[in-house]
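Only one structure is covered here, and it is reproduced in the block below.
2 protein chains.
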Amino acid sequence: MSLQRVLPFTKSLLEQIVASGDRVIDATAGNGHDTLFLAQLTGPDGTVFAFDIQKEAIEATKTRVEGFHHVRLIHDSHAKISEYVDSPISAAVFNLGYLPKGDHSIITKSQSTLSAMEQCLELLQPNGLLLVVIYSGHEGGSEERDAVMEFVRTLPQTNFDVLQYGFINQQHSPPFLVAVEKKLKKN
Amino acid sequence: MSLQRVLPFTKSLLEQIVASGDRVIDATAGNGHDTLFLAQLTGPDGTVFAFDIQKEAIEATKTRVEGFHHVRLIHDSHAKISEYVDSPISAAVFNLGYLPKGDHSIITKSQSTLSAMEQCLELLQPNGLLLVVIYSGHEGGSEERDAVMEFVRTLPQTNFDVLQYGFINQQHSPPFLVAVEKKLKKN
Chain A
1 MSLQRVLPFT KSLLEQIVAS GDRVIDATAG NGHDTLFLAQ LTGPDGTVFA
51 FDIQKEAIEA TKTRVEGFHH VRLIHDSHAK ISEYVDSPIS AAVFNLGYLP
101 KGDHSIITKS QSTLSAMEQC LELLQPNGLL LVVIYSGHEG GSEERDAVME
151 FVRTLPQTNF DVLQYGFINQ QHSPPFLVAV EKKLKKN
Chain B
1001 MSLQRVLPFT KSLLEQIVAS GDRVIDATAG NGHDTLFLAQ LTGPDGTVFA
1051 FDIQKEAIEA TKTRVEGFHH VRLIHDSHAK ISEYVDSPIS AAVFNLGYLP
1101 KGDHSIITKS QSTLSAMEQC LELLQPNGLL LVVIYSGHEG GSEERDAVME
1151 FVRTLPQTNF DVLQYGFINQ QHSPPFLVAV EKKLKKN
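Protein chains in written order, with my numbering: chain A, 1 to 187; chain B, 1001 to 1187.
As structure tokens, then:
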């Protein structure tokens, strides 16, 4: 046994929360790894909405999820999520930073990230999860990290639980996870 | 499913790492809850070394683990762990702060806590875990938290992985976990 690394831990949370037939969002399709994983979890009766502003990412993801007809690839900013998704989701995933192997100057930015996160929180069904993997080693990364952390720290604890999971003795700003769970509403 | 709270997550790590026959340390016996849990995991062929400086805590723990003959209750400071334990352990647990329901002015202090943590890291076998649950809401708690965090952040990543697990949008400084895993030595 070893302590689970950040990406396997993130996947294990998705496995626990996402069921066959669910609607989910991959807010940063990138090279399509998470999109594929979500496509497998949701199955043909579910829907994966995968966003990316880069044509290159959409193409890479399209190749990776070939044969999965319940994946909707959306070449647009995740800041417009609510224009494309209007019914409850069980999970949303963000990998902040730049496209691996792509143009490192094209990065997610605080303003659109926060707007997209807010829209996902609105769409989450009770017990649903918003998972944000934060890379902050690149230029502009620490500003985005700080903005995201300030946002999630102030989410009301009556409506959300916010978990931080990460390794803290490593050099080069390794990624860490922020997981937001929407609570059941009490009437 | 919900995100696991800090104490259940801590227990689940112990369940994964502690096997029957192991030697383990409860550095802060308190009311004996962790001591009992460790006694159950290690079984009659194992040994649980449970430390507390307060007579009241030792008495409470003694009652709780009645019938478990492999628990050694040690009424002494955990800063003297290495005087009592000289062979490898698979896990050590700390609950920092004061004795629940006891005298809230008697708290764990940075200097002895760090010394005890160092001794436990030395005793840990490869893949073994040091688990520190940090309560910082009480007077003097934030100083101890800061000292512990500075210590663990600077543990060399060649020898240790340090995970932080906690909820960050809650009022009243809820406890969080720091888990240190000793890595296998590479020769």
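Beta carbons: idealized from backbone N, C-alpha and C, even for Gly.
Annotation: Ala91/A to Phe1009/B spans about 21 Å, alpha carbon to alpha carbon. Taking every protein chain shown into account, the CB of Thr28/A has 16 or more other CB atoms within 10 angstroms, so this residue is buried. Within 8 Å of the CB of Glu1181/B, the CB atoms of chain A belong to Ser2 and Leu3, in sequence order along the chain. Listed by position along chain A, the residues whose Cβ is nearer than 9 Å to that of Ile1168/B are Met149, Val152, Arg153, Val162, Leu163, Gln164 and Val178. Note that the C-beta distance between Leu1131/B and Val1085/B is not below 9 Å. The alpha-carbon of Val1065/B is positioned some 10 Å away from that of Asp1034/B.
In this structure, Leu129/A keeps its C-beta atom at 9 Å or more from the C-beta atom of Tyr1165/B. Among the CB atoms of chain A, none fall inside 9 Å of the CB of Gln1111/B.
Residues Ser110 and Leu114 of the same chain have their beta carbon placed closer than 7 Å to that of Ala147/A, with the five preceding and five following residues left out of the count. Sequence-distant Cβ neighbours of Arg145/A in its own chain, meaning closer than 8 Å and more than five residues away, are Leu96, Ile134 and Ser136.
Here the C-alpha atom of Asp1026/B lies approximately 22 Å from the C-alpha atom of Glu1150/B. Here Asp103/A is exposed. Its C-beta has fewer than 16 other C-beta atoms within 10 Å. The Cβ-Cβ distance between Ile1081/B and Leu1014/B does not fall below 9 Å. Look at Pro1088/B: its C-beta is not under 9 Å from any C-beta on chain A. At least 9 Å separates the beta-carbon of Asn127/A from that of Arg1153/B. Listed along chain A is no residue with a C-beta nearer than 8 Å to that of Asn1095/B; the closest approach is about 19 Å. DSSP places Ala57/A outside any beta strand (DSSP E); the residue lies instead in the alpha helix (DSSP H), whose first and last residues are Lys55 to Arg64.
Between His69/A and Ser112/A, the CB-CB gap reaches or exceeds 9 Å. Taken in chain order, the complete beta strand (DSSP E) segments of 3 or more residues contained in the segment 1097 to 1174 of chain B are 1124 to 1134 and 1160 to 1167. The three-state secondary structure of Val1018/B, taken from DSSP, is coil. Under DSSP, Val1178/B takes part in a beta bridge, and its partners are Val1132/B and Gln1164/B. Taking CB atoms only, Asn127/A has a neighbour in chain B less than 9 Å away. The DSSP-derived three-state label of Thr1010/B is helix. For Phe1037/B, the enclosing alpha helix (DSSP H) begins and ends at His1033 to Thr1042.
In this chain, Ser90/A is not harboured by any alpha helix (DSSP H); it is covered by the beta strand (DSSP E) spanning Ile89 to Asn95. In this structure, Ser12/A lies away from Gly43/A, with their beta-carbon atoms at least 9 Å apart. For Ser1082/B, the enclosing alpha helix (DSSP H) stretches over residues Ile1081 to Tyr1084. Separation of the CB atoms of Asp22/A and Gly46/A is rounded to 5 Å, and the pair is thereby assigned contact status at 8 Å. In the DSSP assignment, Leu73/A forms a beta bridge with Ala50/A. Take the alpha-carbon of Thr63/A and the one of Gly32/A: they are about 8 Å apart. Looking from the CA of Arg1005/B, the closest CA among Val6/A, Asp161/A, Lys182/A and Ser2/A belongs to Asp161/A. In summary, no residue of the segment 52 to 81 of chain A has a CB separated from any CB of chain B by less than 7 Å.
The shortest CA-to-CA distance from Gly30/A to any of Leu41/A, Ile106/A and Gly67/A is the one to Ile106/A. Using a Cβ distance threshold of 9 Å, Leu1007/B and Phe1167/B do not count as a contacting pair. Within chain B, the C-beta atoms nearer than 8 Å to that of Gln171/A come from Gln1157, in chain order.
Around the beta-carbon of Thr1061/B, 16 or more other beta-carbon atoms lie within 10 Å, marking it buried.
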